[in-house]
Structures are given as structure tokens and as C-alpha cells.
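> Provided herewith is a single structure, encoded as C-alpha cells, for subsequent inquiry.
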Amino acid sequence: MVMTRWWRLLSLVVLMTCGWGCGTAQAQAQAQHRNAGPDCHVQGLEGSTVKAALRLLQHKRAHPLVTSDMTVWVPRHWQLAEFLTFSEDSEKYRTAMRCLLRGNEAPAARTEWHADPDVMATTTQVKVHYVAYDWITSEKPRKVGPWEIAPAGNKWNITLRPPALQGSRWSEITADLGGLNFNDFSGHAWSSTEKSVTWRNQPPDRIQVQVDLSWQRSLAVFLNQPSLATVGVAAWWVSASVLLALAALRVRRPRTAPADGTAGHSPPGGQPSNAEGAEGSLPRTLLQWALLSGAVALTLLLLVKRFSPRSQALLCIPAGLALLLVARPWNHGGTPTAPGAAPQEPARPEDVQPRKARTVVSTGCAVAGVGLLVIVAHELFGLPENLQPTTATVVGRAGLVLLGLSITWLWLAAMAAWAWRFASEGNLLSKRWAARWDRTPAHCVAVAGGLLVTVAGALLVCAWWGNRQRWMRVNWLVARPDSAAYDKDLNTVLTRLFFTDLNWLFAYSWVLTGIALLALLTSRNRPRRARGRRRPERHSLGPDKPDLLLIVAMFALFVGLRAAAFAGASAVYGVWLPLNILSVYAVLALGHRSSVLSELGDRFCVQRLGTEKHRREMMSRAHQYSNVNHQMYLLDQGRAGATTREQLQEQLRQLRQWLTTACDRGNPPDQISVLDVALAWGPDGHWWYNATRAARLAFWFGTPATALLVYFQMQEPYFRGHIKADPTGIPDFLASLALYQMAWTAAGFTLGALWRLLPGRRSQARAWMLAAAYGIPVLAAAGLVRLTDTDTGQMTLYTLLLLGVLTLTSIWMDMATFREERQYTPSPFALLVSIYQLRGLSVRIAWLLTQLTAVVALYQKLKP
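Here the sequence shown stands for residues -27 to -1, 1 to 837, numbered as in mature numbering (1 follows the signal peptide of the UniProt record, and there is no 0).
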């Protein structure tokens, strides 16, 4: 059944590809008789007058921007001048504009971006205003308008080489070099300042300028060299694998008590339960993933790029299949259900797991066989042995698509299998999903495989669309595009498709590391239903040391890496992960003794917070403390009735005595009250529930922050150009949305998990301290950004938004702590007033407004 469905899907892909190839072949046949275009009659342009300007923007930019602004006055006697006034979509307009701007230059010689030319005609001449721009991202020479920029280390050579206007009169030429030092080799400058140089009535072949990069820009170029960038990313993968392995080894030690604060209890007969078995096997699974992910990442980074497409495919197919099979998604930590049996009747693992294994293995091998068939039987598809065809054929293109889809599917399936393995062993899956996977593995594989085919097809479409946009931008002035050249370019994209997608897929596979950490944390801390007698309760101030490492690692992965992405400098990428981890530990070490519960001592936590009964009493006294303060406020306003100040003060003394008698050290600071203790404990009895509650809150509060960050990114032309022209531009955009949401959620989870350990009497202070843990690496990143003279705007905006999300989460955590009083208040605002009192609430509102004002002011400053 599964194989039948797979062949149907593959047949559909082949038919669609053949239809696509036939359409392209027909277009190619129609274009074969066309010429490249008529003679441009360049001699008629000698009477033109030209004014050109070059502007180099490199200050506070990750990639220097070069803009060409050229205005040409074309005489009416030029044979193609009249066509410049035609519609932009007409063939004659494109021919005339190409002859004016490009001459007989090959279209593929330029990759510049451009705005539509402005054309204005008079009785004697036609005025054409053309603006082009491009970013300098490598040392490859760039042509922008009539200019050519040739980066060479610390020096850039800029020359003026117009393809068709060499014989025209250049009335004024200006080069604004952004404050960089330069040497004018022409020797005929009309004027020169520290920032720019101007020539008048000089032929273009005399214009040559050499620009000396500043040491900041030279440092940025050095840190982003391909070799150093590869080493930096490889170092990051190694550090991530070491971190995951260390976390797995730490949690393999036997626990003295479950994390839900209950005493241990073994099932009858002394055999471990299924959940306990899954918890024991999950660290081994994490170790396997740590070794495999690091090895695969290093292979992709250091070795595979040097191979030919055929060698890459021969390596990637077995590697993807091996990743899929090593993941063993048929293993499950829960109790399987037998097909046709009652839900409470367990099935024997020897009956269920082999069926699931056969389904997964047969499907994976079938897809791998399709890819190998294209490689081995390349002649059947009309492909050369190196899989790099020079001409377009329908069957050959179908073979390349099948090869790309099969390899991409294998690696997608491997990533999904590892995610499923982590989730199943970490108790993240619902019982219904696990039971369905046990009962009908063929149906589950067919559904999951169909979804993965859709994703792989979407990646293919994105690559095709990005290539199509780039082709249209490069050939926008070609009246009759050469279909053969387009097909050759498309064949190159399809040949490299699977490797491009694999690089993109594995670049985001570190998310699986985060899922693995969460699964291990969940398996250790999610309370499970006790068997037999009720388990005695114990208090839990926070995660133990292995759990703390898992939480801090998740924070560093999902939240801290944003600073690394904003800072750029791929050469030092491996530094950010350990730096983020150390910063969180440093904040906890410095502020642990200043937290409310730490100042009260362990004896207080045992006597006043050790059981649910004690915690209910604490909440009752916190409610009493809030009422007494409210009555004191009414007394000051003359509205207290018969209540006297002495009575209220006596109640406060009793509450203070209840607080101090349980402390094992000297009296706690006077500013700590029963209300502070309740707020420091949080809304739930165990830190795990505080963490999950804060994660949900941060997710929703972070949604508008994500929208603002993405909107800010979309204002940058480079980001928009990346989405349009890069094969993975659209997937990158969608991934950035998901990663922002994951970052807010992980930050909220960390805040809730460390709620009782972070210093500060007020919840906003705890949010501040966690933001400070993120801020330490941010300061290092800001220093690096300042050294390299790049932009700090997005990093600063992200930091302010993170602080705002954490602040809102902390306030809603306080409301959840006193959620039982919600029924006695008319609105959430009234509940906040009862918790913080009017003065405290005013301070918090003012602080939130200050953060909002800072975000708005920063956005207005950064907006282009």
C-alpha cells in the first residue's frame, strides 16, 4: 500500500516535470530562429551628453552598497531614440534601452539591481535617468551602471567603463566614496574633498580611482573570508555537539528523587516502567545525535563542496538513508497498543516494532533507489555521467528533478525521524498519535511522506522562482531572451538543487538539538501518575544541576544565537554558544543569594512552602497582607471606617512574625513581605509548570515583536533582494519567523524555570536579570559590530523587544499567582492594583511605556 502511494506521487512529479520541460522546449524552439538583436548604431550616440555619479555607502552596513546615478540626454537623430518613449513592455523599448545602457555587452555580464528608467522627451532630445545599485559581498568585480568596482583585499579599484557611451560628452562625473581614503589616478579632477571627487568634460577612459578601505571594513572583510567563516561555523557545530553530549552524560546519573518533588517509587517486581526506560534511553539517543550531527555538519562544510555533483549525490543518498535508519523512529518509549486490541491491552513490542521498522526501511530504500537509478542509469534519462547537461531535454530535466526530490526527501525524512524519536522518548507526543503509529504504521508513513514530498516540492519551486527572478533581472533589457541560455542556467540550478537544499536544511538542523534538550528535560520533570500509594510531597526551589544545564543550553541556542546572527563575523561564530551559557551561569551565581527565597533560607522553604497545605496558607497570608495595605491606604484617605491604625499595624507585625519565625538565619530584610514570598514562588507548585506557563505567555507576547522585527527587516533592500533572488530566500524568511517565535518561547520558559532563583523582589527585576544574561554577549557583539563598523540597529531592537516580552510575561505570571482572586475583582487591571497597589502599578506602567517609547524611537531612527 505504501509503495503504491509512493509510485503514484513520483509518477505525478514526473508528469509535471515533463509538462514543464515540454513547455520550455517549445519556447526554445520558437526562439532558435531569433537573433540577439539589431545593430545598436553606437556611432549615433556620440552627440549625447552624460552626467554620472557614484555613491559608496559602507558606514554602519554589513555589506557596502554601491549606487550609480546616470542621466543621458540622447539626440533625436539617433535611430533608436524614438523607441525610448515606447511602453516598457514593448520589444522596441527594450532594444533601444539595451543599446543605450549596455551596448552589445552580454546580458549575463551584470547582476546589478535597478529601478525603472525615467524617460522624458523634448523636440530635440530624449532624457533618460537610470539608477542601478548592488552590494559588494565578495572580491568578484561588479558592474553597476557605467562603473566597474574591482575589490582586491584592502584596496578597491573603481573605473568608468560605459559599454555604449564612450564617445559621448561626459559633462560631470562625481564619485562619493563614503569618507574613505582614495587616490585619483586620472589627475584631471575638477574638484576634490575628503569624501568625493568630481571631474568635468573628461573622457570616461581617464577616470580611475583607488579606494583604501578603513581598518574597520578591512577587519570585517577578514572575519568573513570564506575559509575563516567555514572554520567559525564548524567550531560552532563542534561546541553544540559537545554541549549536547555533556548534557546527555550529566543526566545519565541516577536521580535520588523525581523532579516533580516526589519520592521514588518502583513498579512491582523491581522492573523499570516504560517511561523510566525511555528516560534512560533518551540520553543515549542524544549522544548519537550529537556525534552524527557534528560529523555530518563538518562533512558538508569541509569536504562535500569540493566534489562534483555526481560524487555529492553518491555521498548524500546513503548518508541521508543512514541518518533515517539510525534515528529508528519505530522505537517508542511508551506502551504500544496491539492492533485490534482494547486500549488498555498492551501489544508485544516484538509484534509492533518490526512492522514499523519494515515500513520505514522499505520506504526509505525505495526513495534512495529512485535517486540511485538516476545516477547509475543516467543514459536512460539522457544525462551525462557527471550529471551536468549542456542542453535541455525533457527526460533529463525530469531525472534531475527526481534526483533532487529524492535526496531532499531522504534528508527531510531523517530530520523528521530524529524529531519524532526525541519527542516519543521525551513524552512530548500525545498518546493518540503514538497509538496510531503503533496500529497503522503504513498509513502514518504515507501521510508523513506525502507532507515531506510537498515540502521538498516547495523547496524546488522556491529555487526555480528565485532563479527565474534573477534571470529576469539580468535579462530585463533583452528583447528576445535566449531560451537555450535560460535552459542551461536552469539545468545548473537543478543539478545543484539537492546540495543547496541540503545545506539549507542542515543549517537549521540545530533546532533538533533544541528539541532533544526539551525532550530530555520533559522526560525528567513532567510529573507522571503514581502507582499504588500516594507519593509524599517535597518542595522544589528550582531545577537541579543537570536540568539547569539543559535549560541554559536551550536559552543559549534559541535566544542567544540571535546576537551572533546580528553581529555577523562568521569567523568567531563558535564563541557565542559558550559565551551565552557562561553569562547565564554568571548572573545566577552573582544573584542567587539575593533572591527572595534564598534570603529566607532552606528552613523557611521547608516549613512554609514544603507542602500544598503550607503553600495555601502562604497565599492566604499574602492575600491578608494585600488587604491590610489597602486598608492602610484607605485610612490615609480618611475612609477606613472603624478600623484603627494600631489594629492594622498589629496585623502586619503578626504577618512579619510568621515570616521570621521559620527562618534559619537572622531576620530577613525588612523590605521582604509575605506578598513578596508569594510572588517569588510563582503561580504553580513546581518550577516545571511555572516554566511552561511562562513559555506560553511569552509566545503570544512575542508575536507582535516578531511582526515588528520582520517588518523592519523588509525595509532593507538587501533583505528583500535575498528573498527574491536566492534559491532559499523564501524558506529563510519563513524560518526566521519560526525562529523568532521559538526565541520568545525559550526566553519565557527560562524565566519561568529560574523564577525562584533569579534575584529581585519584583517580577520585573527577574525579567531584567534574565535580559542581562542575554545582554552580556550582546555587549560583546556590539563591541565587535562597532569594530567592524556594521549596523547595530536590529540587534538593539531585538534586545529591547526581548526585555519587553519578558516584562509582560512577568506581570502576567504575578496575575496567575493570584488567579484565585480574579473572581473578586471586576477586571484584570483591578487585580493588578490589588497585587501591586496603586503606586507600584504606576511604576510598572511607566516602565512599560518607557520601553515602548524606546522601541518606537529606535525604529524611527533606524527606518530608511
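In this text, a Cβ means the ideal position worked out from N, Cα and C, and glycines have one as well. A quick note: this is a predicted structure, and the numbers were derived from the prediction, not measured.
1. Between the C-alpha atoms of K138 and V367, what's the straight-line distance to the nearest angstrom?
2. Nearest-angstrom Cα distance between T633 and S568?
3. Does DSSP classify S281 as helix, strand or coil?
4. For W741, decide whether its Cβ has a neighbour in chain B, counting only Cβ atoms nearer than 9 Å.
5. Judging by CA-CA distance, which residue of I488, W188, P176 and P135 is the nearest neighbour of G152?
6. What do you get for V420, buried or exposed, if any count of 16 or more other CB atoms within 10 angstroms of its CB means buried?
7. Can you name, in chain order, every residue of its own chain whose Cβ lies under 6 Å from the Cβ of L186, other than the five neighbours on each side?
8. One question on the structure: do L402 and L376 come within less than 9 Å of each other, judged by their Cβ atoms?
9. Tell me which same chain residues have a C-beta within less than 8 Å of the C-beta of M742, skipping the five on either side of it?
10. Check the DSSP bridge columns for A25 and list the partner residues they point to.
11. Quick check on P241: buried or exposed, where buried means 16 or more other Cβ atoms within 10 Å of its Cβ?
12. Distance check for L425 and A664, CA to CA, integer angstroms please.
13. Only counting the same chain, and skipping five residues up and downstream in sequence, which positions put a Cβ closer than 6 Å to that of R28?
14. Contact defined as beta carbons within less than 8 Å: I believe G355 pairs with L298. What is the distance between those atoms, to the nearest angstrom?
15. May I ask you to report which of helix, strand or coil DSSP gives I818?
16. Secondary structure at V99, three-state DSSP: helix, strand or coil?
17. Under 6 Å Cβ to Cβ from residue 838, same chain only, skipping five residues before and after it: list those, please.
18. Using only alpha-carbon positions, find the residue among S144, P176 and S191 that is nearest to A35.
19. Give the single residue among S593, V778 and W673 whose Cα lies nearest to the Cα of V647.
20. Can you list, in chain order, the residues of its chain with a C-beta nearer than 6 Å to that of L463? Leave out the 5 residues immediately preceding and following it.
21. Following the continuous beta strand (DSSP E) through E121, name the residue where it begins and the one where it ends.
22. If we ignore side chains and look at the alpha-carbon of each, how far apart do E19 and W51 end up?
23. Taking all protein chains shown into account, do 16 or more other C-beta atoms lie within 10 angstroms of the C-beta of S556, making it buried, or fewer, making it exposed?
24. To the nearest angstrom, report how far apart P519 and L216 are at their CA atoms.
25. Note down the Cα distance separating L727 from A740, rounded to an integer number of angstroms.
26. List the DSSP bridge partners of N156.
27. Residue 919 lies in the beta strand (DSSP E); which residues open and close that run?
28. Tell me the residue span of the beta strand (DSSP E) that contains D91.
29. Give, in chain order, every unbroken run of the alpha helix (DSSP H) that is at least 4 residues long and sits entirely within the stretch 699 to 727.
30. Would you report the Cα separation of A830 and V778, rounded to the nearest angstrom?
31. According to DSSP, L773 sits in a beta bridge with which residue or residues?
32. Return the CA-CA distance between F158 and I180, expressed in angstroms with no decimal places.
33. Would you kindly check if the distance between the Cβ of A218 and the Cβ of L296 is under 9 Å?
34. Going by beta carbon distance, what residues of the same chain come within less than 6 Å of R142, once the five residues before and after it are set aside?
35. Whole-angstrom Cβ separation of V525 and Y481, contact assumed at under 8 Å?
36. Between V466 and the ligand SAH, is there a pair consisting of the residue's CB and a ligand heavy atom that are separated by less than 8 Å?
According to the structure data:
1. Reading off the sequence shown, one finds Leu at residue 138, where the question assumed Lys. Each residue's alpha carbon lies about 42 Å from the other.
2. In this model, T633 and S568 are separated by some 16 Å (Cα to Cα).
3. coil
4. No chain B is part of this structure, which consists of one protein chain only.
5. Nearest of I488, W188, P176 and P135 to G152, Cα basis: W188.
6. exposed
7. N127
8. no
9. V560, G564, L731, P732 and G733
10. In DSSP, A25 forms a bridge with M43 and I146.
11. Below a pLDDT of 50, predicted positions are generally treated as unreliable, and P241, at 36, falls in that range; no measurement from the model is reported.
12. 32 Å
13. The beta carbon of R28 sits closer than 6 Å to the beta carbons of T40 and D149 from its chain, once the five residues preceding and following it are set aside; these are given in chain order.
14. With a Cβ gap of about 32 Å, G355 and L298 do not count as contacting.
15. helix
16. In the displayed model, V99 falls within a strand according to three-state DSSP.
17. Because the chain is modelled from -27 through 837, residue 838 falls outside the range shown and cannot be assessed.
18. With distances taken between Cα atoms, A35 lies closest to S191.
19. S593
20. No residues qualify anywhere along the chain.
21. W120 to A125
22. 9 Å
23. The residue in question, S556, is buried, as its Cβ has 16 or more Cβ neighbours within 10 Å.
24. 12 Å
25. 10 Å
26. For N156, which the question treats as bridged, DSSP gives the partners Q183.
27. No answer is possible for residue 919: it lies beyond the span of the chain, which begins at -27 and ends at 837.
28. Judged by DSSP secondary structure, D91 falls within the beta strand (DSSP E) whose first and last residues are D91 to A94.
29. The qualifying runs are 702 to 726.
30. Looking at the two C-alpha atoms, the distance is approximately 18 Å.
31. None; L773 has no bridge partner.
32. 7 Å
33. no
34. T22
35. About 22 Å; that fails the 8 Å criterion.
36. With respect to the ligand SAH, the structure offers nothing, as it holds no ligand at all.
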